[in-house]
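J.: Handing you a structure now.
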Amino acid sequence: MVYILLGTGFEEMEALTPCDLLRRAGAELSLVGIDGIEITGSHGISVRADLTLEEVSTENLEMLVLPGGLRGVESILNSPAALKLIRLAWEAGKFVCAICAAPTILAKLGILQDTPATCYPGKEREMGDAKLVSRPVVRSGKLITGRAAGSGVEFSLALIEALKGEAEARRIAKQIVYDC
């Protein structure tokens, strides 16, 4: 199961692009509302989550995705339950993926220590001891980070490759006519 955490003010492209493409690839996925079921993104788009944070089951967790958006990141940071879920996923060896400003959450949790990662330009000072890489997407084992909304498709394809393999990521890229 893939869970995408949605806090009020999340960046819509960074949540909905992975949701769409992972579902096209056949991944079992739920959008998780931190602040309830109806969550409004940073550009005023309201999304109905599949479940609330309290309903998440870690039993079949494969991947956790954290979209950016400054207010969305703030929502995650202000949720002890969300931070606990992130720590639990990481400590259990699951994929933990963050894009834009969201990798700073992982830095605050000590997950990025001496690990290659990327983030939104200007957020580098909040990345702790991460080994910063200036690329749209960086994968380091079970950690996948993306730079910004403009990296959304490439980030999503990296998530698919991690879960379903390179051939499936290429199939989805071809399906959406994405030239990477």
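Start counting the sequence shown at 976; every next residue gets the next number (the numbering used here). Heads up, the beta-carbon is just placed ideally off N, CA and C, and yes, glycines get one too. Nothing here was measured: the structure is a model prediction, and the numbers come from that model.
Classify residue 1114 as buried or exposed, calling it buried when 16 or more other Cβ atoms lie within 10 Å of its own Cβ.
T.: Classification for residue 1114: buried.
J.: What's the call for residue 1106, buried or exposed, on a 16-neighbour Cβ count within 10 Å?
T.: Burial call: exposed.
J.: I think residue 1046 touches residue 1097, with their Cβ atoms under 8 Å apart; what is that distance to the nearest whole Å?
T.: Not confirmed; about 16 Å, so no contact.
J.: What are the complete beta strand (DSSP E) segments, minimum 3 residues, inside the region 1035-1092?
T.: You should have 1038-1041, 1070-1074.
J.: For the beta strand (DSSP E) holding residue 992, just list the boundary residues, first then last.
T.: Where residue 992 is concerned, there is no enclosing beta strand (DSSP E), although the alpha helix (DSSP H) it sits in stretches over 987-999.
J.: Under 8 Å, do residue 993 and residue 1131 count as touching if we go by C-beta distance?
T.: Yes, the pair counts as a contact, with Cβ atoms nearer than the cut-off.
J.: Quick one: residues in its chain with C-beta nearer than 6 Å to the C-beta of residue 1039, no 5 flanking neighbours on either side, listed in chain order?
T.: 978, 1064, 1071, listed in sequence order.
J.: Does the region 989-1003 come close enough to the region 1079-1095 that 3 or more CB-CB pairs lie under 8 Å?
T.: Touching, no.
J.: Going by the beta-carbon positions, is the gap between residue 1000 and residue 1101 smaller than 8 Å?
T.: Not in contact: residue 1000 and residue 1101 (Cβ atoms no closer than 8 Å).
J.: Work out the CA separation of residue 1057 and residue 1010 for me, nearest whole Å.
T.: Looking at the two C-alpha atoms, the distance is approximately 11 Å.
J.: Hey, could you find the ends of the alpha helix (DSSP H) residue 1127 is sitting in?
T.: That run of the alpha helix (DSSP H) goes 1127-1139.
J.: For residue 1013, name the three-state secondary structure that DSSP assigns.
T.: Looking at residue 1013 - three-state DSSP - the assignment turns out to be strand.
J.: Would you list the residues sitting across from residue 1151 in a DSSP beta bridge?
T.: Note: residue 1151 sits in no beta bridge, so no partner.
J.: Anyone know if the C-beta pair for residue 1117 and residue 1044 falls short of 8 Å?
T.: Contact: no.
J.: For residue 1003, count the other beta carbons within 10 Å of its own beta carbon; 16 or more makes it buried, fewer makes it exposed. Which is it?
T.: Per the 10 Å Cβ criterion, exposed.
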